[in-house]
Each structure stands twice: as structure tokens, then as C-alpha cells.
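In the working numbering, the protein residues as written are 6 to 457.
Structure, rendered in C-alpha cells:
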């Protein structure tokens, strides 16, 4: 016989729709963070025009774009204790609120320091949100739907880039920022209409609430999985209590990280995130106008091609939703990784030959074809696959504490090349030295992941 609490969650809505609702809330936040990353491409060109209210130097512009590295890293480091103390739902609310603060500071900015502070908040929350997305959807969704729903996160982020770049082509950077704040507002509101993660509730010993939340999300057809989850977590909690009494914290940490079920996912995801980061997706999201301007002839319509690349990125992410359930993750990473390497080598070679006057034949279709192939490799393969795998490979007991630390590879690697590359692009300098810097990490990634 079911309790009144169980009946409260029984409504004429299928479990899939409830899981889609939770995904939509997380997706709304991903849209907002995509807008935050892409807003740089709107902000910088407008403020570099003569008579701009906040004049930007090339150095100012590069710092605004590259501040994502340290801010992202800080956000990742803040996530594990937040998720452990607040839970998944309230952590999502806190992230959305801080993002709104960042947008408000950006909209009201009167000098470069205000812009840097606003961008720091947006990058901080972006860093916090990325691991939370994978953890939440890994815990809230059924295994049969998990791959497709996890892949929507890359789709949402890409849609945010497309939206902010399109709006920025018609409106001022301040009005564009004001419009896109709606995504974070929607995220906050939607979080009040779904329960806390069952996995988090069972980890803190709230078994009755866990059952209610689990049945709200999954229905009553997965009771065996619920029972196994509670039994397994009870054993883990008991073991953790005994270990905490017997061993100091550092020794326990060393013992945990030596377990194959933890260090193997960490090694795997470190290389997946590195390959995703060095695919060029970040530089094309923040500096599409500068990259295209250095590749194409002066008469080319840069705004059109910027939006076209965003639309192609969106199409690639959408296509990945279908392909992801039919193609193995290993094949996705390897094939699109090789394509990304080839296109970036070709782009770097083309740029070098062009700027040194060594081209026998010069036409816009050549760099456009190469950069679209690069975007295709990133949007359909490397970026969505890394997001999906991050929600699949980590065991439940370590997911909230150790997964975010792997994501720190992304901002760290971004910072290594980002300051050099973005300042060069901001000055309108040759890009043929930027693409090789992204290539340096790719062959090691592929050789480690696929040694045979």
C-alpha cells in the first residue's frame, strides 16, 4: 500500500515527460551559459568602434575573452562541496542566480573593470554548471533515455551561441544581454517544480524522500533498480563511516583515487575534455569575427558567416542526438578527432601561405570549407560526446565529488593557449600561429586513448 507521499507524485504525466521537464530546466541554464560565452563576440567588436561608450584596447579585449580560464577553474573547484551540502537542485538555483548577477553587472557596466567583473561571474557560473549538468542528468534520467538527453546539453549551449550572435547582429550589446537573461530566469523558476535528485537523497540517508522523488521521475516500473540503489548506498554509507573512524582524510583520499573504478574514468575524461577543448570550439565561439576576417577577403559578409557557423554547430549537435545511440563513443571520438586535426593543419597551412604571398590560387571557398569541416567535427563529435560520456563513466558514489575535478582540464588547457591566441586575434594579427597551438595536444590525446 502506497503512502500519501507516494500518491502526491502520481499524476497523469509519463516518466519520460517528467525527465524531459528536468532536462528542459537544465537546458535553459545551458542556453544562458552559451549566450554568456558568445556575448564576447558581440561586445568586443561594438566597443572597438570609434566613439564607443567604453573604449577597448586589444589587451582589454583579450582579457575579457580569456578570463574564462581562471573563472571556469574556480567554478569547478567550488562545485563538489556545494553539491554535497546543497544538493543538485539548490546548486542549480545558486548557479542561475549568480549568472543573473553577472548579466546585471555587464548591462550596467561603465568601464572595463565592470565588464571584467561581469564576465568573471558568467565564466564562474559556466564552470560550475558544466559538471552539474552531467551529474544531474546522469541521476535524474533513465538509462534508456540518458544518452540522448545528455547530448541536448551541447545542443542547448550551441543554441545560446546562435541566439546571442544573431541578436548581436541587430541590437546593441546591452540590449542583447538584457534579452538573454530570460534563460536564467526560466531555469530558476523551473527548478521549483521538480524534486531533489534521488541519488543525492539516498546518499544523505533520506530514504523515504528518495523513494518519492524516484517514483516521480521513473514511475513504478523500475522498483528493482530503486531497491538496489538504496541497498548499495546503505552499504557504502556504512563503509564510509567506518573508514572515516579508522583512517585520516588524506590516507583515505589516496586509497580512493587508487581504485580502478575511479582513476580509469578520470584518465579517460581528462583526454576527452582535452580533445574537445582543442577542437577550436572555444575560439570560434568567442572570436568568430576575427578568425573569419583573417581567413576571408575584405568583401566577405562576416556577420552572415558567423551566424552560419552557429547554425551549423546547432545542426551538428542535433544530428549527434540521433547518431549517439547508434555509434560507439570510441568511434565518435577517434573519427572526429582525426578530422579536426586534418582541418586545423590545413587552416594553419593556408593562413601561413596566404600571409606570406605563397598561394598560387586564393578563393574564399577554401577556408570556408575547412572551417565548416572543423566546426562539423567539433559540433557533431567531440563536444557532445564529451558531455555524454561525463554522465556515463563515473560511478554513483564518486560522481558528485570527483567528476568536476576532471572538467578543470578544459579551462586549464584553454588558459594555456587562450591568452596568446585571443590577444593576437584581437589585434587583427595573423591567425596561422593560433591554430598550431591548439594542435599540439591532439596527437598525444589520440595515442593515449587508442594505443592499438
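For each residue, glycine too, the CB sits at the ideal point set by N, CA and C.
Three-state secondary structure (DSSP) of residue i
| i | result |
| --- | --- |
| residue 277 | helix |
| residue 315 | helix |
| residue 269 | helix |
| residue 357 | helix |
| residue 199 | coil |
| residue 424 | Note that residue 424 scores 46 on pLDDT, short of 50, meaning its location in the model is unreliable; the coordinates nonetheless yield the value given after this. Reduced to three states, the DSSP call for residue 424 is helix. |
| residue 140 | helix |
| residue 332 | coil |
| residue 385 | helix |
| residue 211 | coil |
| residue 113 | coil |
| residue 72 | coil |
| residue 282 | helix |
| residue 186 | coil |
| residue 27 | helix |
| residue 54 | coil |
| residue 175 | coil |
| residue 216 | helix |
Distance between residue j and residue i (C-alpha atoms, nearest Å)
| i | j | result |
| --- | --- | --- |
| residue 204 | residue 142 | 11 Å |
| residue 210 | residue 156 | 31 Å |
| residue 125 | residue 62 | 19 Å |
| residue 409 | residue 361 | Note that residue 409 scores a pLDDT of 49, beneath 50, so its modelled location is shaky and nothing firm can be said. |
| residue 320 | residue 213 | 43 Å |
| residue 485 | residue 390 | This structure does not reach residue 485, given that the chain is present from 6 up to 457, and the question cannot be answered. |
| residue 310 | residue 337 | 26 Å |
| residue 192 | residue 93 | 13 Å |
| residue 165 | residue 188 | 9 Å |
| residue 144 | residue 118 | 39 Å |
| residue 325 | residue 56 | 44 Å |
| residue 223 | residue 380 | 36 Å |
| residue 292 | residue 66 | 10 Å |
| residue 89 | residue 120 | 32 Å |
| residue 232 | residue 226 | 12 Å |
| residue 394 | residue 307 | 34 Å |
| residue 172 | residue 313 | 14 Å |
| residue 71 | residue 54 | 21 Å |
| residue 101 | residue 190 | 7 Å |
| residue 127 | residue 270 | 28 Å |
| residue 234 | residue 331 | 28 Å |
| residue 21 | residue 201 | 17 Å |
| residue 417 | residue 304 | Low per-residue confidence applies at residue 417: pLDDT is 47, beneath 50, and the placement is therefore not dependable, though the value from the model is reported in the following sentence. For residue 417 and residue 304, the distance between alpha carbons rounds to 37 Å. |
| residue 199 | residue 186 | 22 Å |
| residue 384 | residue 280 | 13 Å |
| residue 140 | residue 110 | 29 Å |
| residue 364 | residue 377 | 21 Å |
Exposure label - residue i; buried when at least 16 CB within 10 Å
| i | result |
| --- | --- |
| residue 129 | buried |
| residue 230 | exposed |
| residue 236 | exposed |
| residue 149 | exposed |
| residue 73 | buried |
| residue 116 | exposed |
| residue 218 | buried |
| residue 180 | exposed |
| residue 272 | exposed |
| residue 431 | In this prediction, residue 431 scores a pLDDT of 42, lower than 50, which makes its location untrustworthy; the coordinate-derived value is nonetheless stated afterwards. Buried is the call here. |
| residue 208 | buried |
| residue 2 | Past the boundaries of the shown model lies residue 2; the chain is included only from 6 to 457, so the question cannot be answered. |
| residue 3 | In this structure the chain extends from 6 to 457, so residue 3 is not present and cannot be described. |
| residue 81 | buried |
| residue 278 | buried |
| residue 318 | buried |
| residue 113 | exposed |
| residue 228 | exposed |
| residue 327 | exposed |
| residue 216 | buried |
| residue 68 | buried |
Residue i vs residue j beta-carbon contact at 8 Å
| i | j | result |
| --- | --- | --- |
| residue 43 | residue 316 | no |
| residue 341 | residue 386 | yes |
| residue 48 | residue 132 | no |
| residue 152 | residue 329 | yes |
| residue 159 | residue 343 | no |
| residue 96 | residue 31 | no |
| residue 358 | residue 375 | no |
| residue 382 | residue 195 | no |
| residue 295 | residue 177 | no |
| residue 147 | residue 349 | no |
Residue i: CB within 7 Å of a non-hydrogen atom of the ligand MG
| i | result |
| --- | --- |
| residue 379 | Among the ligands in the structure shown, none appear at all, so the ligand MG cannot be discussed. |
Counting Cβ pairs closer than 8 Å, one from the region 101-113 and one from the region 35-45, do we hit at least three? yes
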